[in-house]
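Here the protein sequences line up with chains A and B, keeping their order. First residue of the first sequence: 1, per the UniProt record's numbering; consecutive thereafter. First residue of the second sequence: 1, per the UniProt record's numbering; consecutive thereafter. Below: one structure, written as structure tokens.
Protein chains: 2
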Amino acid sequence: MDLWFNDEHTDTVKLSIKVEEQFFSQQSSEQHIDVLQTREFGKILVVDGDIMLTEKDEFIYHELLVHVAMAVNPNIKEVLVIGGGDGGVVRELMKYDSIDIIDVVEIDPLLVDVCKKYLPEMASSLDHEKVHIYHEDGVRFIRSLDDEYDLIIIDSPNPYGAGEGLFTREFYGLCHKALHDNGIMINQHESPFYRDEAFMVQRMHQKIVQSFPIVKVYQGFIPSYPSGHWLFGFASKAYHPLDDIKEEAWNALDIPTRYYATRLHKGIFALPVYVEELLKDVE
Amino acid sequence: MDLWFNDEHTDTVKLSIKVEEQFFSQQSSEQHIDVLQTREFGKILVVDGDIMLTEKDEFIYHELLVHVAMAVNPNIKEVLVIGGGDGGVVRELMKYDSIDIIDVVEIDPLLVDVCKKYLPEMASSLDHEKVHIYHEDGVRFIRSLDDEYDLIIIDSPNPYGAGEGLFTREFYGLCHKALHDNGIMINQHESPFYRDEAFMVQRMHQKIVQSFPIVKVYQGFIPSYPSGHWLFGFASKAYHPLDDIKEEAWNALDIPTRYYATRLHKGIFALPVYVEELLKDVE
Chain A
1 MDLWFNDEHT
11 DTVKLSIKVE
21 EQFFSQQSSE
31 QHIDVLQTRE
41 FGKILVVDGD
51 IMLTEKDEFI
61 YHELLVHVAM
71 AVNPNIKEVL
81 VIGGGDGGVV
91 RELMKYDSID
101 IIDVVEIDPL
111 LVDVCKKYLP
121 EMASSLDHEK
131 VHIYHEDGVR
141 FIRSLDDEYD
151 LIIIDSPNPY
161 GAGEGLFTRE
171 FYGLCHKALH
181 DNGIMINQHE
191 SPFYRDEAFM
201 VQRMHQKIVQ
211 SFPIVKVYQG
221 FIPSYPSGHW
231 LFGFASKAYH
241 PLDDIKEEAW
251 NALDIPTRYY
261 ATRLHKGIFA
271 LPVYVEELLK
281 DVE
Chain B
1 MDLWFNDEHT
11 DTVKLSIKVE
21 EQFFSQQSSE
31 QHIDVLQTRE
41 FGKILVVDGD
51 IMLTEKDEFI
61 YHELLVHVAM
71 AVNPNIKEVL
81 VIGGGDGGVV
91 RELMKYDSID
101 IIDVVEIDPL
111 LVDVCKKYLP
121 EMASSLDHEK
131 VHIYHEDGVR
141 FIRSLDDEYD
151 LIIIDSPNPY
161 GAGEGLFTRE
171 FYGLCHKALH
181 DNGIMINQHE
191 SPFYRDEAFM
201 VQRMHQKIVQ
211 SFPIVKVYQG
221 FIPSYPSGHW
231 LFGFASKAYH
241 PLDDIKEEAW
251 NALDIPTRYY
261 ATRLHKGIFA
271 LPVYVEELLK
281 DVE
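Next comes the structure, spelled out in structure tokens:
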């Protein structure tokens, strides 16, 4: 059978991937979840029709969400992950023995169950005793917190649907409050290429700049995401992502990676001229 | 009408783009050429079914082919472009008053005519008196040349069909011979992501390493190309692309760009771990 999944990048652009088998398809309380088997990307997790991750390139996304902050502060002990029910971020965090606490706020229990069944290489990390999963709304969870974490990672879906509240000025302010004085917030920051997403990049950046004293954007090649050019936000109360990198300390930890390395660290903050201009417009 | 163009990335992955109008479709002596109008990418030049360039992101590809070498040696005067009948590389080269000679070896005269008609913003640069176009095979053109150019840019199509000879050890050796003692060769180097292309990346890199003393690979985000992660080769007889960059001299030229900047220069040579490993395997 000739079965193709179309991931819509815009109204007039889509990535089509041939599907070998649809393993799972169900509506949860929050969203529609599909798991597909493909030849090129391995298993693909699809949420509300959009690719959330693929087995072939999820390492790029998850390494970039975790190791950049860890190289700036290798002493991070307490981490909050907003979203991240697939376990990819937690798998990367678990590479650091120094991390004591990993709280994961994943609103959708079905997403966790599905990932544990179909993507165990990632999701099995969620079973570790350091990890606590809270099936709550991220904004509600964080509201009462004060000075609790060294690192908050916002592994959010797109800024519509279930994750909408994670893209507000209020939420970034709550993250600031929930962080220690040397705290770092990392967020997936969408793509600068297509017009509608570039507009979201600007709106997010504007709100984060209003909430944190140090804010920089970095980038990575993620072929299964729209345009393949994906941005990440680094926001901090104290650390500059380039000036304060602990290159030797991080390399001494000997963390296994397939994408990130400290020799890349500066490079990923060097944005193309057109992306710099997009961000400067709202700074 | 619902008209979609499919650019095949692999047998099981394709990028589909809605087409507003097919402006041109004809078989030349070398290849099949199409020009499509799209909303998201503007005009698209398609050769043998593959996207060659789009109005929206061709600046990324062409800036990366030209300005990296020019920042390493801003005194470049004599340039050979293999391929490049669309005029994009020449448009970027024309930003340098110091360049005296631009020889373009484009085997297909129809490609040049089509680009002049439908993509004049690029192709009109080909009409300048500094530019000489030779409608010959690139390998044949370069065979008898010795110590002629400061820079050779290989703006080749894919390594099959018309451009096949441009991916051989013999051809890179001929480029070496055609360059001055401080000469630089830049080539489009395919993508490291999909398996078949990653294999081509390795084969090209291996042959170039055998032909030049200094060889480095750099990268850029080109969303309309397969995976969006595109590589470029920097090969040189004398200059190291990072150690020998003339940052101040290049910035003093005040070349207008939308992607390249010298603050990116180091960053684009910092390759992800998996790409480094791919290349090291054949060094």
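Ideal placement from N, C-alpha and C gives every residue a C-beta, glycine not left out. This one's a predicted model, so the numbers in the text were calculated from it and none came from an experiment.
Cα-Cα separation between residue i and residue j, rounded to whole angstroms
i: Asp48 (chain B); j: Gly84 (chain B); result: 16 Å
i: Ile133 (chain B); j: Thr257 (chain B); result: 25 Å
i: Tyr149 (chain B); j: Gly173 (chain A); result: 57 Å
i: Ile102 (chain A); j: Asn251 (chain A); result: 22 Å
i: Leu279 (chain A); j: Tyr260 (chain B); result: 16 Å
i: Ser206 (chain B); j: Ala69 (chain B); result: Checking the displayed sequence, the identity of residue 206 (chain B) turns out to be Gln instead of Ser. Answer to the nearest angstrom: the Cα atoms are 21 Å apart.
i: Leu110 (chain A); j: Ser28 (chain A); result: 6 Å
i: Asp254 (chain A); j: Phe221 (chain B); result: 29 Å
i: Glu78 (chain A); j: Tyr218 (chain A); result: 23 Å
i: Pro223 (chain B); j: Gly228 (chain A); result: 6 Å
i: Phe59 (chain A); j: Leu36 (chain B); result: 36 Å
i: Leu242 (chain A); j: Lys266 (chain A); result: 6 Å
i: His67 (chain B); j: Asp34 (chain B); result: 28 Å
i: Val81 (chain B); j: Val89 (chain B); result: 8 Å
i: Gly165 (chain A); j: Met185 (chain A); result: 16 Å
i: Tyr96 (chain B); j: Ser144 (chain B); result: 28 Å
i: Asp100 (chain A); j: Pro192 (chain B); result: 37 Å
i: Ser125 (chain A); j: His9 (chain A); result: 31 Å
Cutoff 9 Å: residue i Cβ touching any chain A Cβ
i: Ile60 (chain B); result: yes
i: Gly42 (chain B); result: no
i: Tyr274 (chain B); result: yes
i: Leu15 (chain B); result: yes
i: Asp57 (chain B); result: yes
i: Gln202 (chain B); result: no
i: Gly220 (chain B); result: yes
i: Ala198 (chain B); result: no
i: Lys18 (chain B); result: yes
i: Asn6 (chain B); result: yes
Beta-carbon separation (whole angstroms), residue i vs residue j, contact threshold 8 Å
i: Val112 (chain B); j: Glu106 (chain B); result: 6 Å
i: Val139 (chain A); j: Phe167 (chain A); result: Going by Cβ atoms, the distance from Val139 (chain A) to Phe167 (chain A) rounds to 10 Å, so no, they are not a contact pair.
i: Leu65 (chain A); j: Ile153 (chain A); result: 5 Å
i: Gly233 (chain B); j: Asn158 (chain B); result: Between Asn158 (chain B) and Gly233 (chain B) the Cβ distance is about 15 Å, and since that is not below 8 Å, they are no contact.
i: Val72 (chain A); j: Ile245 (chain A); result: 6 Å
i: Val273 (chain A); j: Leu231 (chain A); result: Wrong, their Cβ atoms sit about 15 Å apart, outside the cutoff.
i: Cys115 (chain B); j: Asp86 (chain B); result: 4 Å
Beta-bridge partners of residue i, as assigned by DSSP
i: Ser236 (chain A); result: A:Ile184, A:Ile214
i: Thr54 (chain A); result: A:Ile44
i: Val104 (chain A); result: A:Val81, A:Ile133
i: Ile153 (chain B); result: B:Val81, B:Ile186
i: Ser25 (chain A); result: A:Asp34
Residue-level contact to chain B via CB, residue i, 9 Å cutoff
i: Lys280 (chain A); result: no
i: Gly88 (chain A); result: no
i: Gly165 (chain A); result: no
i: Leu242 (chain A); result: no
i: Leu264 (chain A); result: yes
7 Å Cβ cut-off: residues of chain A touching residue i
i: Phe234 (chain B); result: Within 7 Å Cβ-Cβ: nothing; Phe234 (chain B) doesn't reach chain A, min ~15 Å.
i: His205 (chain B); result: By Cβ distance, chain A contributes nothing, its closest Cβ being about 18 Å from His205 (chain B), past 7 Å.
i: residue 314 (chain B); result: Since the first residue shown for chain B is 1 and the last is 283, residue 314 (chain B) is missing from the structure and cannot be characterised.
i: Lys39 (chain B); result: The residue you asked about is not Lys; residue 39 (chain B) is Arg in the sequence shown. Neighbours of Arg39 (chain B) on chain A, chain order: Thr12.
i: residue 297 (chain B); result: One cannot answer for residue 297 (chain B) here, as it falls past the ends of chain B, which runs 1 to 283.
Partners in chain B for residue i, counting only beta-carbon separations shorter than 9 Å
i: Ile268 (chain A); result: Gly267, Ala270
Chain-ordered neighbours of residue i on chain B, where CB pairs are closer than 7 Å
i: Ala261 (chain A); result: Val273
Contact test: residue i Cβ vs the ligand PLP heavy atom, cutoff 8 Å
i: Lys14 (chain B); result: The ligand PLP is absent from the structure shown, which contains no ligand whatsoever.
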